[in-house]
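See below for the structure under consideration.
Numbering (the numbering used here), first residue to last: 37 to 283.
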């Protein structure tokens, strides 16, 4: 019995998978011994500080912090080497909201630092945005606030800002203003080189209360991209009278 020859794309996939596995093994082979040495140094330094009565070395990491940093770095390397990471991610990192259920928090903290949300109760909580009084006193606070939000996001540069969002952006889901309840809208922002996608979501209720969530689909560390985007938008809203605390 003879086996049919593999197609060229199958060979490329196999080679790519082997290459990715080889690179990951190489990284872990180098990283783990180095991490062990680093932990011994940190432990030794911390012990010395405690022995001379200092005991409060803010630059020294404890075991929990060290493990969190190591796991976070390894997770980021895996996602970076995974070609599907730009378009696919675990469901826990893609919990996009809707008008009925609201917005999600930022699951996976503190390892995953690629999300900000007004609904988060941990270290990735975004302070609530408060619209100007004239918008809240409008006949329809929801529609007035929504209009202001859309106008501001529309001012965001299509080519991004510096190295952030160089791949452009678009409104992914337009708000349904025909309903009488809260309205939901979302945007997609794309990076320039690797085409990573971030989701920016808004939920505005009938009283004009605004919920916001910005998160990366890749699930890895975002190098401050979501914060930079939010700050750009928040600064523009501040000029229009919104009460907002920047990140």
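The beta-carbon is built from N, C-alpha and C at its ideal position, and this holds for glycine as well.
Quiz item: Based on Cα-Cα distance, which residue from 247, 244, 224, 243 lies nearest to residue 236?
Solution: For this step, residue 236 is matched to residue 200 along the chain shown. Minimum Cα distance to residue 236 is reached at 224.
Quiz item: Secondary structure at residue 219, three-state DSSP: helix, strand or coil?
Solution: Here residue 219 refers to the residue found at position 183 when the chain shown is read from its first residue. Strand at residue 219.
Quiz item: Which word fits residue 211, buried or exposed, when buried means at least 16 other C-beta atoms lie within 10 angstroms of its C-beta?
Solution: Your numbering for residue 211 matches position 175 in the chain shown. When all chains shown are included, residue 211 counts as buried.
Practice problem: Give the range of the beta strand (DSSP E) segment to which residue 208 is assigned. | Solution: Against the chain shown, residue 208 aligns to sequence position 172. Here the beta strand (DSSP E) through residue 208 covers 205 to 209.
Self-check item: Distance between residue 229 and residue 182 (C-alpha atoms, nearest Å)
Solution: The count along the chain shown starts at 1 and reaches residue 182 at position 146. The count along the chain shown starts at 1 and reaches residue 229 at position 193. If you take the alpha carbons of residue 182 and residue 229, they lie about 32 Å apart.
Quiz item: So is residue 134 buried or exposed if we call it buried at 16+ other beta carbons inside 10 Å?
Solution: The residue labelled residue 134 in the question sits at position 98 within the chain shown. Exposed, by the Cβ-count rule.
Quiz prompt | Terminal residues of the beta strand (DSSP E) in which residue 251 lies | solution = The sequence position of residue 251 within the chain shown is 215, counting from 1. 246 to 252 is the extent of the beta strand (DSSP E) around residue 251.
Quiz prompt | Identified DSSP bridge partners for residue 154 | solution = Numbered from its first residue, the chain shown carries residue 154 at position 118. Looking at the DSSP assignment, residue 154 forms no beta bridge with any residue, so it has no partner.
Quiz prompt | Contacting residues, own chain, Cβ-Cβ under 8 Å from residue 208 (five flanking each side not counted) | solution = Taking the first residue of the chain shown as 1, we reach residue 208 at position 172. Around residue 208: 222, 223, 224, 235.
Exercise. Leaving aside the five residues before and after residue 261 along the sequence, list all residues of the same chain whose C-beta is less than 6 Å from its C-beta, in chain order.
Key: Translated into the one-based positions of the chain shown, residue 261 becomes position 225. Counting only Cβ-Cβ distances below 6 Å, and skipping sequence neighbours, we find 200.
Practice problem: State the start and end residues of the unbroken alpha helix (DSSP H) segment that holds residue 261. | Solution: As a first step, residue 261 is located in the chain shown; it is residue number 225 there, counting from the start. Here the alpha helix (DSSP H) through residue 261 covers 261 to 275.
Quiz item: How should residue 244 be labelled, buried or exposed, when 16 other C-beta atoms within 10 angstroms of its C-beta is the threshold for buried?
Solution: In the chain shown, residue 244 corresponds to position 208, counting from 1. Under this definition residue 244 is a buried residue.
Practice problem: Please look up how many angstroms separate the CB atoms of residue 269 and residue 192, rounded, as I've assumed it's under 8 Å. | Solution: By one-based count along the chain shown, residue 269 stands at place 233. By one-based count along the chain shown, residue 192 stands at place 156. Correct: roughly 7 Å between the Cβ atoms.
Quiz item: For residue 169, which three-state DSSP category applies?
Solution: Your numbering for residue 169 matches position 133 in the chain shown. In the structure shown, residue 169 sits in a helix (DSSP, three-state: H, G or I).
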